[in-house]
Ligand SMILES: NC(=O)c1ccc[n+]([C@@H]2O[C@H](COP(=O)([O-])OP(=O)(O)OC[C@H]3O[C@@H](n4cnc5c(N)ncnc54)[C@H](OP(=O)(O)O)[C@@H]3O)[C@@H](O)[C@H]2O)c1
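Numbering (the numbering used here), first residue to last: 47 to 387.
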């Protein structure tokens, strides 16, 4: 085993768009374990939009990422040394070990994984945090009935792709929004959504609403929002009475300059009144008690090859910053991962 490992730390906070200069690659000696600790060699690192928010020194639901510390992030890998009786060398595990080749854990937030029927990387996607996010927002906020219509933005992505498929399993009409014809084709032909609109063809909320109206002539009963901006304002104008909107993410605002005007600012609050809809934001980590139930269901769908998913895999730790910036610009196609070995 190598005596050193590499990690990526936050070197500086971005102002507006993230750049590669905001990160620094470092080499460190592999630590010696203390009693109760486990050394994990990470195989895959998950890149997620929430990481952008933590790079700011701003009030949020989580502490900001510390400067000069390993970038936070979900990982899956293999136990290579253990001083903890609950974990043995060779165990496959999921943890939050961050952007690094090796990580040390005390086991409290390390989970053993069964890779017999589910690939290791899927535990960072459809059977991990993004899948659980889709499951929670769909079942606990949208709660659509068979025959109703829902809209899902960033529909080809890690979260959105699962939301639309859960809807189809229940006989709910699923309409995706995605950037470009290739992503839209994937959303309908591979994932089985009923329709998909390329939101880049619209230049304002009214144009987006017109495109969506063509595929949702009877309006929208539920909206799963991953993006915000013109998408949110456009979909709001099509909501049926007593519709539900799950605010999962507003990625179109994540790189705005401090003090700027959010693209997701609601343009017409009157719509709340006339359509009497409910809009609710959520953070999946607030609902840890539901994860065993949700992940078990998602694992069954993936193991049975019913739930489809796609991955964008960057090779090697040093590729993580560019892959992360690319994901924030929509260059990923499916769950963005970094393969470390
Ligand atoms: N609330 C929670 O607990 C929770 C948990 C996990 C994730 N989230 C949120 O869920 C959302 C999706 O996350 P994910 O991991 O599934 O990412 P993802 O969809 O796999 O990747 C991000 C996608 O967002 C789209 N996008 C980026 N900038 C955009 C813009 N300006 N306008 C419209 N679309 C844009 C791009 O797709 P297109 O090419 O199709 O535009 C891009 O591929 C994010 O907002 C994230 O913060 C929330």
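Beta carbons: idealized from backbone N, C-alpha and C, even for Gly. All of these numbers come straight from a predicted model, not from anything done at the bench.
- Message: By the DSSP assignment, the alpha helix (DSSP H) with residue 139 in it spans what residues?
- Response: Where residue 139 is concerned, there is no enclosing alpha helix (DSSP H), although the beta strand (DSSP E) it sits in stretches over 138-141.
- Message: Between residue 294 and ligand 1, is there a pair consisting of the residue's CB and a ligand heavy atom that are separated by less than 7 Å?
- Response: yes
- Message: I need the straight-line Cα distance from residue 85 to residue 118, nearest angstrom please.
- Response: 17 Å
- Message: Quick check on this structure: which residue in 155, 273 and 223 has the alpha carbon closest to the alpha carbon of residue 139?
- Response: 155
- Measure the CB-CB distance between residue 374 and residue 55 and report whether it falls below 8 Å. no
- Message: How far does the beta strand (DSSP E) with residue 51 in it extend, from its first residue to its last?
- Response: 50-56
- For residue 383, does the three-state DSSP call read helix, strand or coil? strand
- Looking at residue 199 and residue 193, is the spacing between their C-beta atoms short of 8 Å? no
- Neighbourhood of residue 337 by C-beta, 7 Å cutoff - its chain only, sequence neighbours within 5 removed: 178
- Can you name, in chain order, every residue of its own chain whose Cβ lies under 6 Å from the Cβ of residue 239, other than the five neighbours on each side? 210, 220, 222 and 233
- Is it true that the CB of residue 146 sits closer than 8 Å to the CB of residue 82? no
- Message: Between residue 266 and residue 285, how many whole angstroms is the CB-CB distance? I'm expecting something under 8 Å.
- Response: 5 Å
- Flag residue 376 as yes when its Cβ comes closer than 7 Å to any non-hydrogen atom of ligand 1, and as no otherwise. yes
- Message: Does the contact criterion of 3 or more C-beta pairs under 8 Å hold for the segment 245-254 versus the segment 287-295?
- Response: no
- Counted within 10 angstroms of its Cβ, other Cβ atoms place residue 68 as buried (16 or more) or exposed: buried
- Task: Go ahead and label residue 78 buried or exposed: buried means 16 or more other beta carbons lie within 10 angstroms of its beta carbon, across all protein chains shown.
- Result: exposed
- Could you give the DSSP three-state label for residue 250: helix, strand or coil? coil
- Which residue comes first and which comes last in the beta strand (DSSP E) that contains residue 325? 324-327
- Query: What beta strand (DSSP E) runs, 3 residues minimum, are completely inside the segment 71-158?
  - Reply: 84-92, 121-128, 138-141 and 148-151
- Task: For residue 111, count neighbouring C-beta atoms within 10 Å of its own C-beta (all shown protein chains included) and say buried if the count is 16 or more, exposed if not.
- Result: buried
- Message: I'd like to know whether the C-beta atoms of residue 323 and residue 184 end up nearer to each other than 8 Å.
- Response: no
- Run through DSSP, which three-state label would residue 358 get? strand
- Item | Delimiting residues of the beta strand (DSSP E) encompassing residue 319 | Note, residue 319: premise wrong, no beta strand (DSSP E); alpha helix (DSSP H) at 316-321.
- Query: For ligand 1, any of its heavy atoms closer than 7 Å to the Cβ of residue 21?
  - Reply: Lying outside 47 to 387, the shown extent of the chain, residue 21 is not represented and no answer is given.
- Item | Stretch-stretch touch, CB-based, cutoff 8 Å, three pairs: the segment 345-358 with the segment 98-109 | no
- Message: Measuring straight from C-alpha to C-alpha, what distance separates residue 202 and residue 57?
- Response: 31 Å
- Task: Could you tell me which of 80, 288, 52 and 274 sits nearest to residue 71, measuring between CA atoms?
- Result: 52
- Task: Check each candidate in 359, 250 and 288 and name the one with the smallest Cα separation from residue 321.
- Result: 288
- Sorted by chain position, which residues of the same chain lie with C-beta nearer than 8 Å to residue 314's C-beta, five sequence neighbours on each side aside? 279, 282 and 283
- Message: Quick check on DSSP: helix, strand or coil for residue 370?
- Response: helix
- Query: CB of residue 286 to nearest heavy atom of ligand 1: below 7 Å?
  - Reply: no
- Exposed or buried, which one is residue 215 when buried takes at least 16 other CB atoms within 10 Å? exposed
- Query: Within 10 angstroms of its Cβ, does residue 47 collect 16 or more other Cβ (buried), or is it exposed?
  - Reply: exposed
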